[in-house]
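As structure tokens, the structure follows; a few thoughts come after it.
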Amino acid sequence: MAKKRRRGIYEIIIKPCLDVLLALLALALLWPLIVILAVIVRIRLGAPVIFKQERAGKNGKPFYLYKLRTMSDERDESGELLPDAQRLSGFGKMLRSTSLDELPSLWNVVCLKLSLVGPRPLYLKYVSRYSPEQARRLEVRPGVTGLAQVNGRNAISWEKRFEYDLQYVDNVSFLTDLKVILLTFVKVIRREGISSQTSVTMEEFMGSEEEPKNE
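Mapping the sequence shown onto my numbering, position 39 (from 1) lands on 31, and the numbers just tick up by one.
See the structure below:
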């Protein structure tokens, strides 16, 4: 049986309190920008302005992640949605590259569904595809940003991404969170790692190949 990870006072008490206070402060300061962006999204991309999607939270518990919409509902002749790359407009690309589409997720932080720093929340369908080691990323509350996001974001492999997630899980601390937040601002300004080599975001995670067993 795996040894249960010990959590310190920072992770249990201080971190959640800081998350809520900082998220409320950010919302109080940024609400005019959010309103302006929402109006532009409504004009250019239509409704709904807020895009919500079910993701896996701490311990795999589902929650709805909120973002500003970045894609249109353009469809082909048969009524099927066009590929993401074709529905992502220049304005949508700008929102993603600057991470402005993430601003509504601050409300997820206030509701303690997200943390400011932690492994990014992924689709629920991925949970069953995790290896036992990869599933450890669910031991902490997911984050708006994380170690993987400041070390390559969508431009790194899934395996490397999970390595950074687990590194964070094993080293939750105030200094780590502060470092990730500061590096996030740098990465956003430089607009690095927004897309993978073959997708406008990140390819679907299909599970990692098992290592060959010794006979």
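All residues carry an ideal CB built from backbone N, CA and C; glycine is no exception.
Here the structure is a predicted model, which is why all the values come from computation and not from measurement.
With a 10 Å radius around the Cβ and a threshold of 16 neighbouring Cβ atoms, residue 178 comes out exposed. Residue pairing by DSSP places residue 56 opposite 46 in a beta bridge. Under the three-state reduction of DSSP output, residue 115 falls in the strand class. Going by C-alpha positions, residue 175 is about 16 Å away from residue 157. When the Cα atoms are used, residue 162 and residue 105 turn out to be separated by approximately 20 Å. Between residue 108 and residue 65, the C-beta gap is not smaller than 8 Å, which leaves the two residues out of contact. Within its own chain, the residues whose Cβ lies closer than 8 Å to the Cβ of residue 118, once the five positions on either side in sequence are excluded, are 48 and 197, listed in chain order.
Secondary structure at residue 182: helix, using DSSP grouped into helix, strand and coil.
Between residue 46 and residue 54 the beta-carbon gap is near 5 Å, inside 8 Å, which marks them as a contact.
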